[in-house]
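Position one of the sequence shown corresponds to residue 0 (numbering that gives the first Met the number 0), numbered consecutively onward.
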Amino acid sequence: MKKTKNIGEVNTQKRNIKTFWIYFLSFLTCALTIILFHFTENEVIESVVPLIIGLILMMVFIMYLNWAWFDNMDEFEKLIIGKASFWGLSSATIVVPWMLLNELGLVSEPNAYFIIVFAFSVTLALYYFEKFSSR
């Protein structure tokens, strides 16, 4: 029995160390990307290649974090994140009538940040509503 407990503790410790390194590397690449963007904007660095490499690294680490989070979910959470993602992405179609109204001159041009925040907000709201309303 003691060996099983130690194996579980060792596995948990390994997972925690791995998680720490992924979060640390994600934060580090994000900070590096912001610094490289600042230097590129102020023309200290004349090439955009370091910025593109930083963005790719940041994207890889964040995608790995999302995959690890999704992989450790139970079936119930996978089902509700799927439903929430579907409705969140579907809510981003608000851009279509917005663009048509913009062409008619009735509203201003759609802001991409607003649409992204709106879609993510719908996704998170539905996810947490489904997660905690049935328990």
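Even for Gly, the Cβ is constructed at its ideal location relative to N, Cα and C.
What does the alpha-carbon distance come out to for the pair residue i and residue j?
i	j	result
residue 30	residue 24	10 Å
residue 12	residue 67	16 Å
residue 40	residue 78	43 Å
residue 107	residue 99	11 Å
residue 5	residue 34	43 Å
residue 16	residue 113	36 Å
residue 132	residue 63	29 Å
Using the rule of at least 16 other Cβ atoms within 10 Å of the residue's Cβ for burial, across every protein chain shown, is residue i buried or exposed?
i	result
residue 72	exposed
residue 19	exposed
residue 105	exposed
residue 57	buried
Please state whether the Cβ-Cβ distance between residue i and residue j is less than 9 Å.
i	j	result
residue 83	residue 117	no
residue 7	residue 32	no
Start and end of the alpha helix (DSSP H) containing residue i?
i	result
residue 91	Note, residue 91: premise wrong, no alpha helix (DSSP H); not H, not E.
residue 50	48-70
residue 120	111-132
*Answer yes if the segment 37-55 comes into contact with the segment 95-108, meaning at least three C-beta pairs across the two stretches below 8 Å, and no otherwise.*
no
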